[in-house]
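Below: one structure, written as structure tokens.
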Amino acid sequence: MKGVLLARNPKAQVIDLCHDVPPQDVRTAAFYLRASVPYFPPGSLFVTVVDPGVGSTRRILWAKSKTRQFLFPDNGCASWLEGVEPLLEVRHVADSKLWLKDPSATFHGRDIFAPVAAALTKGLAPAKVGPKAKGLVKMPFPVVETHGLIRRGRIIAVDRFGNAVTNLRAQDLRPGARVDFKGRSIGAVVANYAQASEGAALAILGSAGFLELSIRNGSFAADHGARPGDPVDVS
Amino acid sequence: MKGVLLARNPKAQVIDLCHDVPPQDVRTAAFYLRASVPYFPPGSLFVTVVDPGVGSTRRILWAKSKTRQFLFPDNGCASWLEGVEPLLEVRHVADSKLWLKDPSATFHGRDIFAPVAAALTKGLAPAKVGPKAKGLVKMPFPVVETHGLIRRGRIIAVDRFGNAVTNLRAQDLRPGARVDFKGRSIGAVVANYAQASEGAALAILGSAGFLELSIRNGSFAADHGARPGDPVDVS
Amino acid sequence: MKGVLLARNPKAQVIDLCHDVPPQDVRTAAFYLRASVPYFPPGSLFVTVVDPGVGSTRRILWAKSKTRQFLFPDNGCASWLEGVEPLLEVRHVADSKLWLKDPSATFHGRDIFAPVAAALTKGLAPAKVGPKAKGLVKMPFPVVETHGLIRRGRIIAVDRFGNAVTNLRAQDLRPGARVDFKGRSIGAVVANYAQASEGAALAILGSAGFLELSIRNGSFAADHGARPGDPVDVS
Numbered sequence: 004m005k006g007v008l009l010a011r012n013p014k015a016q017v018i019d020l021c022h023d024v025p026p027q028d029v030r031t032a033a034f035y036l037r038a039s040v041p042y043f044p045p046g047s048l049f050v051t052v053v054d055p056g057v058g059s060t061r062r063i064l065w066a067k068s069k070t071r072q073f074l075f076p077d078n079g080c081a082s083w084l085e086g087v088e089p090l091l092e093v094r095h096v097a098d099s100k101l102w103l104k105d106p107s108a109t110f111h112g113r114d115i116f117a118p119v120a121a122a123l124t125k126g127l128a129p130a131k132v133g134p135k136a137k138g139l140v141k142m143p144f145p146v147v148e149t150h151g152l153i154r155r156g157r158i159i160a161v162d163r164f165g166n167a168v169t170n171l172r173a174q175d176l177r178p179g180a181r182v183d184f185k186g187r188s189i190g191a192v193v194a195n196y197a198q199a200s201e202g203a204a205l206a207i208l209g210s211a212g213f214l215e216l217s218i219r220n221g222s223f224a225a226d227h228g229a230r231p232g233d234p235v236d237v238s
Numbered sequence: 004m005k006g007v008l009l010a011r012n013p014k015a016q017v018i019d020l021c022h023d024v025p026p027q028d029v030r031t032a033a034f035y036l037r038a039s040v041p042y043f044p045p046g047s048l049f050v051t052v053v054d055p056g057v058g059s060t061r062r063i064l065w066a067k068s069k070t071r072q073f074l075f076p077d078n079g080c081a082s083w084l085e086g087v088e089p090l091l092e093v094r095h096v097a098d099s100k101l102w103l104k105d106p107s108a109t110f111h112g113r114d115i116f117a118p119v120a121a122a123l124t125k126g127l128a129p130a131k132v133g134p135k136a137k138g139l140v141k142m143p144f145p146v147v148e149t150h151g152l153i154r155r156g157r158i159i160a161v162d163r164f165g166n167a168v169t170n171l172r173a174q175d176l177r178p179g180a181r182v183d184f185k186g187r188s189i190g191a192v193v194a195n196y197a198q199a200s201e202g203a204a205l206a207i208l209g210s211a212g213f214l215e216l217s218i219r220n221g222s223f224a225a226d227h228g229a230r231p232g233d234p235v236d237v238s
Numbered sequence: 004m005k006g007v008l009l010a011r012n013p014k015a016q017v018i019d020l021c022h023d024v025p026p027q028d029v030r031t032a033a034f035y036l037r038a039s040v041p042y043f044p045p046g047s048l049f050v051t052v053v054d055p056g057v058g059s060t061r062r063i064l065w066a067k068s069k070t071r072q073f074l075f076p077d078n079g080c081a082s083w084l085e086g087v088e089p090l091l092e093v094r095h096v097a098d099s100k101l102w103l104k105d106p107s108a109t110f111h112g113r114d115i116f117a118p119v120a121a122a123l124t125k126g127l128a129p130a131k132v133g134p135k136a137k138g139l140v141k142m143p144f145p146v147v148e149t150h151g152l153i154r155r156g157r158i159i160a161v162d163r164f165g166n167a168v169t170n171l172r173a174q175d176l177r178p179g180a181r182v183d184f185k186g187r188s189i190g191a192v193v194a195n196y197a198q199a200s201e202g203a204a205l206a207i208l209g210s211a212g213f214l215e216l217s218i219r220n221g222s223f224a225a226d227h228g229a230r231p232g233d234p235v236d237v238s
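Residue numbers (the working numbering), protein chains in the order written: chain A, 4 to 238; chain B, 4 to 238; chain C, 4 to 238.
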């Protein structure tokens, strides 16, 4: 991908957002996009190639927000930008004249995304990539449920440190709130890792604005078998 | 390596080709070079430091193709460029005046490859790196065998998704061809991953032009114990 | 971090030093800093975010050597620069006007280190980051002990190949010196990996100037259970 990008736009500045998305994991891609996009320079183009449907009839989409552009497969990976970085226009990347010839069935990142990204960063009018698109595949951001005095969230991502990120936010946590995971008490929310003892599970408001379950200098996900979708209760 | 390169050529644009070559795995390096080189800009210099012989008497080589340059240890890692990116001239990187002083015995990437790459990208005449070289170590690209109606290929690389890449090409596959691995039927070649069911083994023409064995949203290599050198039959 | 850096200084050249520091491993960070810093261009700024104390009262520090700058948490990770790259001035990164607003408790790399690094690389006078700092947390470089005719060193780092790096240097090795690890003889120091047989343990002077224990085309750390702090004897 980098070869194709730089062959067509030698001035492109290519940044690896991360090397940590598990293969084909659309949900983790959605989380990293949501968490990262607002921090990148206006004018950035995000190329997201977490693409289990590569080579099938799934569409490749272009979109723009107020100040940034996006290329992504139509699999829901951009859904969680809603409310953070609203997409104002979406197009179907359909004009194969912009692609490498005879694209492979397994690596559209190199054969379609990269040459289209090169063209867009060189100033191609987005309307040239293809027609406006509707009916995007949606992956709804998990809803926090209320059960009496309990708020039930869900783990939405696990990072490379083994931190389990939930969909619970500061507004879901009343003063003195206590956190439970799989029937085990994690205790009150701490202000920083150093407030917990080495190896102890803790809950903390993480850098994406969500409650995270962690182990100080350890991996919560590994020790507690935490996986995306698992419920987390706050009372 | 990046420090040495940028200290000597601050304008060098350094690209990490991949972080996935298993330590000392010359065959995987050969595969990635073959698969990647044609996509990179003319003028690129490829620095390949998969180098189990570091510090011994193995030579370090410079080579050029029609539009690109290469630095690599003389261990066969550039052999598979044959037929894709022919090497037109090869030299022995022998002039130690270009190297860091007192090179270590374990990290020629930093002490020899990087300073020579910096000099070449700043315009050093390649003849200055050392004399022309002959008698390169060769690692022949595996031959597809024919046994009656069966074509027998070999796995040549396993990527980070667990896809097992073979040396079989489209021309080895007759219409309706069926694929077998270790006595187990993988079935007919599919056109894209989505044609297989979740978790099922499949055969597909991959992005390097070779037949690959995969599991949709899984790892073929992990589930089937596939390793480089293993035979794959097409009938 | 890269988004914040480039949003504030689009001309910054961002280099990933490595992706191999185990989470929260201050000692490994200290080793890579010591081993790498001297090879980077004068004018480089090193941003070290191995930071188990993030969000607590631990200080963030700025320092300069003769030709380079550093940002790091006050946890000892810069201690091993002593004797290699002496720090001439140290300041407490205290002026929150330079930071992102409302920094998180878990990702000061993005919220504090990155914007301060962007400002410094754009020419901010270092005195503006905060007041001079004293009483840094120190992590002393392990001392080589002498027991009769034996020199006892320690493993200080394990790299991604499984090489175990010790604190022993050439000056600790007399001609014909023999190396022992956990009561097992590793033999004499070899001049290069190729002098050992495939799979055999060996001792070699590594690229950071320290004696390393390795297995040719294998992992010494995995096979011998070597970990930082383990003693290594030379007789």
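A virtual CB, placed ideally from N, CA and C, is assigned to each residue, including glycine.
| request: Going by CA-CA distance only, name the one from A/D98, A/L36 and A/K125 that's closest to A/N12. | output: A/K125
| said: Alpha carbons only, please: which of A/T169, A/D183 and A/G46 is nearest the one belonging to C/L9? | reply: A/G46
| Using a Cβ-Cβ distance under 7 Å, would C/S210 count as near chain B? | yes
| said: What does the alpha-carbon distance come out to for the pair C/D28 and B/G209? | reply: If I take the Cα positions, the gap works out to 39 Å.
| Expressed to the nearest angstrom, what Euclidean distance is found between the alpha-carbon atoms of C/V7 and B/S217? | 38 Å
| said: If you reduce the DSSP assignment to three classes, tell me which class C/G6 lands in. | reply: helix
| field | Reduced DSSP secondary structure (H/G/I, E/B, other) of A/V87 | value | coil
| query | Nearest to C/P231 by CA position, among C/N170, C/V193 and C/I207, is which residue? | reply | When only C-alpha atoms are compared, the closest one is C/N170.
| query | What did DSSP end up calling C/A38 once you bin it into helix, strand or coil? | reply | helix
| First through last residue of the alpha helix (DSSP H) which encompasses C/L123 | Per DSSP, C/L123 is one residue of the alpha helix (DSSP H) stretching across A117 to T124.
| query | Can you list the residues of chain A that B/H22 reaches, using a CB-CB cut of under 8 Å? | reply | The contact set of B/H22 on chain A, defined by CB atoms closer than 8 Å, consists of H22 in chain order.
| Can you list the alpha helix (DSSP H) stretches of 4 or more residues lying completely in the stretch 49-107 of chain A, in chain order? | Annotation: the stretch 49-107 of chain A contains no complete segment of the alpha helix (DSSP H) (minimum length 4 residues).
| query | For the stretch 63-77 of chain B against the stretch 126-141 of chain B, are there 3 or more C-beta pairs whose distance is under 8 Å? | reply | yes
| message | If distances are taken between C-alpha atoms only, which option among C/L101, C/I158, C/V168 and C/F110 comes closest to A/A38? | response | C/F110
| C/G86: which of C/H95, C/F144, C/G156 and C/V192 sits nearest, CA to CA? | Among C/H95, C/F144, C/G156 and C/V192, the Cα nearest to that of C/G86 belongs to C/F144.
| With distances taken between CB atoms, is the gap from C/P129 to C/L101 smaller than 7 Å? | no
| Sub-7 Å separation of A/T31 and A/A160 beta-carbons | yes
| query | Is it true that the stretch 217-226 of chain A meets the stretch 198-205 of chain A, where meeting means three or more beta-carbon pairs spaced less than 8 Å apart? | reply | yes
| said: Could you check whether the Cβ of C/I115 sits closer than 7 Å to any Cβ belonging to chain F? | reply: Among the chains of the structure shown, chain F does not appear; the protein chains present are A, B and C.
| query | Among all the DSSP beta bridges, which residues are the ones paired with B/I158? | reply | B/T169
| Status (buried if at least 16 other CB within 10 Å, exposed otherwise) for A/R62 | By the neighbour-count rule (16 or more Cβ atoms within 10 Å), A/R62 is buried.
| said: Residues in the same chain with beta-carbon distance under 8 Å from A/R94, minus the five sequence neighbours each way, listed in chain order, please. | reply: L64, W65, A66, P129, A130, V132, G133, P134, K135 and A136
| query | How would you list, in chain order, the residues of chain B whose beta-carbon sits under 9 Å from the beta-carbon of C/A128? | reply | The premise fails here: C/A128 is roughly 23 Å from chain B at the closest Cβ pair, so nothing lies under 9 Å.
| query | Is C/F223 helix, strand or coil when you go by DSSP? | reply | helix
| task | Would you verify that the beta carbon of C/Y42 is, or is not, closer than 7 Å to some beta carbon of chain B? | result | yes
| said: Taking a contact to mean a Cβ-Cβ separation below 7 Å, would you say B/S238 touches B/K141 in this structure? | reply: no
| request: Go to A/F184, then tell me how far its beta strand (DSSP E) extends in each direction, as first and last residue. | output: Segment R181 to F184, the beta strand (DSSP E) holding A/F184.
| said: Quick check: what's the CA-CA separation for B/A15 versus B/R187? | reply: Taking the straight line from one Cα to the other gives about 49 Å.
| message | Closer than 9 Å between beta carbons: that is the criterion. Which residues of the stretch 28-42 of chain A meet it against chain C? | response | S39, V40, P41 and Y42
| Per-residue DSSP class, three states only, for B/H22 | coil
| Between which two residues does the beta strand (DSSP E) harbouring B/V235 extend? | P234 to V237
| Continuous beta strand (DSSP E) stretch holding A/A203: start and end | That residue, A/A203, is in no beta strand (DSSP E); it is neither H nor E in DSSP.
| Got a sec: is the Cβ-Cβ distance from A/F75 to anything in chain C below 7 Å? | no
| request: Report yes or no: is there a C-beta of chain A within less than 7 Å of the C-beta of B/I158? | output: Output row for B/I158: interface = no.
| task | List the endpoints of the continuous beta strand (DSSP E) containing A/R177. | result | No beta strand (DSSP E) contains A/R177, which DSSP labels as neither H nor E.
| task | Answer with buried or exposed for A/C21, where buried requires no fewer than 16 other C-beta atoms within 10 angstroms of its C-beta. | result | exposed
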